[in-house]
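Protein chains: 2
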Amino acid sequence: MMELTRKGEYAIRGIVYLAKQSPGKVILVSEVAEATGVPQTFLAKIFQSFAKLGLVNSFRGTGGGFLLGRPAAKITLRQVVEAVEGPIIPNRCLSDEGNCGRTSECTVHPVWRRIQEEIAAILDGVTLEDLAKGKKSL
Amino acid sequence: MMELTRKGEYAIRGIVYLAKQSPGKVILVSEVAEATGVPQTFLAKIFQSFAKLGLVNSFRGTGGGFLLGRPAAKITLRQVVEAVEGPIIPNRCLSDEGNCGRTSECTVHPVWRRIQEEIAAILDGVTLEDLAKGKKSL
DNA sequence: GGTAAAAAAGACAAAAACGGTCTTAAAGGG
DNA sequence: CCCTTTAAGACCGTTTTTGTCTTTTTTACC
């Protein structure tokens, strides 16, 4: 349970690859795809969602490609994961305003809330810089 | 992302309902299903997996039904969730023996490990007794 | 301006997972 | 033997995942 999808995995691999490049260097999707072992067209889609959120910048045409939208130290793993997987919601109760339907009876609610917060906190605490440099955080 | 499935939700609702009964009382699946708003045949399946793991005991025939396999205080939320959803694996890296394929490069690995441990710890810390009594733990 | 190179956008599709249902069997009580 | 209830497993429609393919747009360069 609670498994990251391939998309999430690919997203991380791809953007970490970008984070490893010298700042300002523009990289082709094809290069990232090959280097990370991710299907190119799929990765392209992922990078498009990154671009919409400003996590990466993109340039079209000859000499085009992608680079990080801001310094690697300013991009958290949470932002990356949520960009492609959506918000961290371990249970439906937590999606809207505690809309369990069975709110009063839902004693599990606070447990999911806590899990949600813990995961968020951990992912917030890791930046692309950490990942690119292989920092031993834990 | 990281969402509990319906099966997981139903499983919790169902077994918590059992935990609320007076110990030793045998309850029909049909009653639990109606009380918790879970499709009966689906819930029956879920209870079957519980039975295999000893989380509940079952009796067939007239007067049959289900009851907890041990005291509610001895059943953790983790056991319930893992019974129906499988082990807590936020990332494929963590499933086998760190079988990332790309092990050395996988700097995210420790992050998922930590998330896995945090979730496990939280779920381990909640028993069916807590849930049945609506204990405010967090 | 024309052409080639790239990303953007969106339609499409196979495969797997989800969320069940249905049927048959087995066991127990009266 | 018959009724009740769980056990087991086949089955099935829908949604999500995991992509691909095609067309369009933008840009650089000649």
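For the record, the sequence lines run as chains A and B. Residue 1093 in our numbering sits at position 49 of the first sequence, and the numbers go up by one each step. Residue 1051 in our numbering sits at position 7 of the second sequence, and the numbers go up by one each step. All C-beta atoms in this analysis are idealised placements derived from N, C-alpha and C, irrespective of residue type, glycine included. None of the values given here were measured: they were computed from a predicted structure.
Check your understanding: Does the beta-carbon distance from Y1061 of chain B to T1085 of chain B come in below 7 Å?
Key -> Not closer than 7 Å, so no.
Practice item. Counting only the same chain and skipping the five closest in sequence on each side, list residues whose C-beta sits under 8 Å from that of V1100 of chain B. Key: So the list reads I1059, L1062, F1091, F1094, F1110, L1111, L1112, G1113, once near-sequence residues are dropped.
Check your understanding: Rounded to a whole number of angstroms, what is the C-alpha to C-alpha distance between P1115 of chain B and S1066 of chain A?
Key -> So the two alpha carbons sit approximately 59 Å from each other.
Review point. Beta-carbon separation of A1088 of chain A and V1073 of chain A under 7 Å?
Key: Cβ atoms of A1088 of chain A and V1073 of chain A: closer than 7 Å.
Check your understanding: How about L1138 of chain B and W1156 of chain B: do their beta carbons lie closer than 7 Å?
Key -> Yes, the pair counts as a contact, with Cβ atoms nearer than the cut-off.
Check your understanding: Would G1142 of chain A be called buried (16 or more neighbouring beta carbons within 10 Å of its own) or exposed?
Key -> Because G1142 of chain A sits at a pLDDT of 47, beneath the cut-off of 50, its placement in the model cannot be relied upon, and the point is left open.
Check your understanding: Thinking C-beta only, is V1170 of chain A closer than 7 Å to L1036 of chain A?
Key -> Examination of residue 1036 of chain A is not possible in this model, given that chain A is present from 1045 through 1182 alone.
Point to revise | Closest Cα partner of R1158 of chain B within the set B:L1172, B:I1132, B:K1051, B:G1107 | key: Closest by alpha carbon: B:I1132.
Review point. Counting only beta-carbon atoms, is I1071 of chain B nearer than 7 Å to chain A?
Key: So no, I1071 of chain B is outside the interface.
**Study point:** Host alpha helix (DSSP H) of V1124 of chain A (start-end)
**Key:** Its alpha helix (DSSP H) spans residues 1121 to 1129.
Point to revise | Proximal chain A residues relative to L1175 of chain B, where beta-carbon distance stays under 7 Å | key: Those within 7 Å of L1175 of chain B in chain A are T1151, V1152.
Practice item. Using alpha carbons as the reference points, say which of B:E1162, B:K1118, B:E1126 lies closest to T1049 of chain B. Key: Ranking the options by Cα distance to T1049 of chain B, first place goes to B:E1126.
Exercise for review: Using a Cβ-Cβ cut-off of 7 Å, state whether L1062 of chain B counts as contacting chain A.
Suggested key: Nearest CB-CB separation between L1062 of chain B and chain A: not below the 7 Å threshold.
Exercise for review: Leaving out five residues on either side along the sequence, give the residues of the same chain with a beta carbon under 7 Å from the beta carbon of R1057 of chain B.
Suggested key: If we look at R1057 of chain B and ignore the five residues flanking it on each side, its Cβ neighbours are T1080, V1082.
Point to revise | Same chain, Cβ closer than 7 Å to Q1123 of chain B, neighbours up to 5 away in sequence not counted | key: Here the set comprises L1099.
Check your understanding: Relative to the C-alpha of H1153 of chain A, which residue among B:G1107, B:E1053, B:T1106 is closest?
Key -> Ranking the options by Cα distance to H1153 of chain A, first place goes to B:E1053.
Practice item. Measure from the alpha carbon of S1102 of chain B to the alpha carbon of each residue in B:V1128, B:N1135, B:I1071, then state which is nearest. Key: Of the listed residues, the one whose Cα sits closest to S1102 of chain B is B:I1071.
Exercise for review: Say whether chain B places a C-beta atom closer than 7 Å to the C-beta of I1119 of chain A.
Suggested key: The beta carbon of I1119 of chain A does not come within 7 Å of any beta carbon belonging to chain B, so the residue lies off that interface.
Point to revise | Environment of E1047 of chain A [buried if 16+ CB atoms lie within 10 Å] | key: So E1047 of chain A ends up on the buried side.
Check your understanding: Does L1097 of chain A get closer than 7 Å to chain B when you measure Cβ to Cβ?
Key -> No Cβ of chain B is located within less than 7 Å of the beta carbon of L1097 of chain A.
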